[in-house]
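Counted the way our numbering counts, the sequence shown spans residues 34 to 435.
All residues carry an ideal CB built from backbone N, CA and C; glycine is no exception.
Down below is the structure, laid out as structure tokens.
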Amino acid sequence: MWPILAILALAGLIALHFWWRGRMAGIEERLREQREKNASLQEQQQHALAQAQSQQQALFNSMVEGVLLLDGDGRVRLVNQALEQLFGLSGDIRGRTMMEALRLHELQELVNRAMVDGQVLGYELELPGLDNRCLQVNATALLNRHGKQQGMILVFHDLTRLKQLENTRQEFVANVSHELRTPLSMIKGYVETLINGAKDDPTVATRFLQTIEKHADRLTYLIEDLLTISRLESGQIVLSLQKVELRPLVDDVVNDLHSRASDKNVALENQVPPDLAVRADRDRLQQVLFNLVDNAIKYGRPEGQVWIDARLADEQTIEVSVRDNGPGIPPDAIDRIFERFYRVDKARSREQGGTGLGLSIVKHIVQSHHGEVWVKSTVGQGTTFFFTLPLFGSAQYPRLRQ
Numbered sequence: 034m035w036p037i038l039a040i041l042a043l044a045g046l047i048a049l050h051f052w053w054r055g056r057m058a059g060i061e062e063r064l065r066e067q068r069e070k071n072a073s074l075q076e077q078q079q080h081a082l083a084q085a086q087s088q089q090q091a092l093f094n095s096m097v098e099g100v101l102l103l104d105g106d107g108r109v110r111l112v113n114q115a116l117e118q119l120f121g122l123s124g125d126i127r128g129r130t131m132m133e134a135l136r137l138h139e140l141q142e143l144v145n146r147a148m149v150d151g152q153v154l155g156y157e158l159e160l161p162g163l164d165n166r167c168l169q170v171n172a173t174a175l176l177n178r179h180g181k182q183q184g185m186i187l188v189f190h191d192l193t194r195l196k197q198l199e200n201t202r203q204e205f206v207a208n209v210s211h212e213l214r215t216p217l218s219m220i221k222g223y224v225e226t227l228i229n230g231a232k233d234d235p236t237v238a239t240r241f242l243q244t245i246e247k248h249a250d251r252l253t254y255l256i257e258d259l260l261t262i263s264r265l266e267s268g269q270i271v272l273s274l275q276k277v278e279l280r281p282l283v284d285d286v287v288n289d290l291h292s293r294a295s296d297k298n299v300a301l302e303n304q305v306p307p308d309l310a311v312r313a314d315r316d317r318l319q320q321v322l323f324n325l326v327d328n329a330i331k332y333g334r335p336e337g338q339v340w341i342d343a344r345l346a347d348e349q350t351i352e353v354s355v356r357d358n359g360p361g362i363p364p365d366a367i368d369r370i371f372e373r374f375y376r377v378d379k380a381r382s383r384e385q386g387g388t389g390l391g392l393s394i395v396k397h398i399v400q401s402h403h404g405e406v407w408v409k410s411t412v413g414q415g416t417t418f419f420f421t422l423p424l425f426g427s428a429q430y431p432r433l434r435q
């Protein structure tokens, strides 16, 4: 009996053992599955967080404005590419304070002000060390649901180009006003003198009327040049491109300016080869050559010379030059010579009656032909203006000078 009971007990213990092992294995399997599930869930959460941060960064990087995000301790948490470009940043500034990152006391004062007021809008910040940049900064404190500050966002908008355009506009208005006022004052003065009795002297009256006519013409030229450059800059002038033989065109310009050249005993020489033709608007090209040769006569030396030449620069480009042996242009004026109303010698220019727009018109006409214009000059030896045009029959626009 006892052996049977012992065997049954042993069998029960063995069964209990395997049952217990099976149960433990099941528990361990469920625990392992739970751990894997938790790990997978954690990995999904981390992936979702990384993806959200990546999307946030991509969104910020797509913005034209610079964006800087500070945390509750005033340390940089995020910057976008536009901000890095605005400030010329090369390294990672995250984790640094505002002063450590950008070293601008004005910006730190702005942050301090925004922390007190909650928001600062339209603050203008100048960066003289970075090409005189002007930035508009908007700063807003970030609050949690309990109303406590937990950071700040600053948005930087680059106003540099707008400021430059505004300065250009103001300068342009001032120059135009001055150029219009001078001949108008002269006309008004002579008219008043005539009314007050000078009209009774035929000799004086004739001389005064000739002077009035001269200044009226100057006003006319100025207004025509202003309208021309306005249409050129706005793209309103449509070019009539055709085959233009250069030498006959230069002959026409030389003939038109023969009288002015004779008054100063200036010799004009057409050195353009007879077989060169360009693809251009004939009237506009004649205007370019007229302005350049006229300038060479005006500002060259009396009894001097002016040479007009052209050559094949490459298989697609013609290079035209107008050279004089005058006093030359100072090196510091070369870069500004094509600006509107810029004059190397203001007194001499006004004495000659120029509008100050001729070279600017030349530049715009040449560029509208996809060409390039430049100048070389040596003080005391003369000046040469160059410009390029497409060779007639060329399938492409001319390449720029290297």
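- Annotation: the segment 317 to 389 contains the following complete segments of the alpha helix (DSSP H) (minimum length 4 residues), in chain order: 364 to 367 and 379 to 385.
- Counting C-beta pairs with one atom in each stretch, the segment 293 to 305 and the segment 231 to 247 have fewer than three that are closer than 8 Å, which means they do not touch.
- Shortest Cα-Cα distance from Val109 to any of Thr261, Leu101 and Val326 involves Leu101.
- Of all C-beta pairs linking the segment 395 to 406 to the segment 336 to 349, fewer than three are shorter than 8 Å, placing the two stretches out of contact.
- Looking only at Phe425, Ala310 and Gln152, the smallest Cα-Cα distance to Met185 is reached by Gln152.
- Boundaries of the alpha helix (DSSP H) around Phe205: Thr193 to Ile228.
- For Asp191, the closest of Tyr156, Gln203, Glu212 and His179 by C-alpha to C-alpha distance is Tyr156.
- The beta-carbon separation of Lys396 and Phe371, rounded to 4 Å, stays under the 8 Å limit for a contact.
- The DSSP-derived three-state label of Ser393 is helix.
- Counting every other CB atom within 10 Å of its CB across the protein chains shown gives Thr236 a total below 16, marking it as exposed.
- Taking the Cα of Ala300 as reference, the smallest distance to any Cα among Gly333, Asn288 and Gly337 is reached at Gly337.
- If you look at Val311, you'll find it in the beta strand (DSSP E) that goes Ala310 to Asp314.
- Along the length of the segment 129 to 196, whole beta strand (DSSP E) runs at least 3 residues long occupy 152 to 160, 166 to 176 and 182 to 191, reported in chain order.
- Contact between the segment 126 to 137 and the segment 195 to 215 is absent: fewer than 3 CB-CB pairs across the two stretches fall below 8 Å.
- For Val97, the three-state secondary structure derived from DSSP is coil.
- Taking all protein chains shown into account, Val412 has fewer than 16 neighbouring C-beta atoms within 10 Å of its C-beta and is therefore exposed.
- Our two residues, Leu322 and Glu266, have alpha carbons roughly 19 Å apart in a direct line.
- In the three-state reduction of the DSSP assignment, Gly59 falls in the helix class, which pools H, G and I.
- In this structure Thr421 is not in contact with Lys409, their Cβ atoms being roughly 14 Å apart against a cut-off of 8 Å.
- It is roughly 20 Å from the alpha-carbon of Leu272 to the alpha-carbon of Val286.
- For Arg127, the three-state secondary structure derived from DSSP is coil.
- For Arg264, the CB contacts under 7 Å within the same chain, skipping 5 residues up- and downstream, are Ile270 in chain order.
- Less than 8 Å divides the Cβ of Leu143 from the Cβ of Val170.
- Take the alpha-carbon of Pro360 and the one of Thr253: they are about 29 Å apart.
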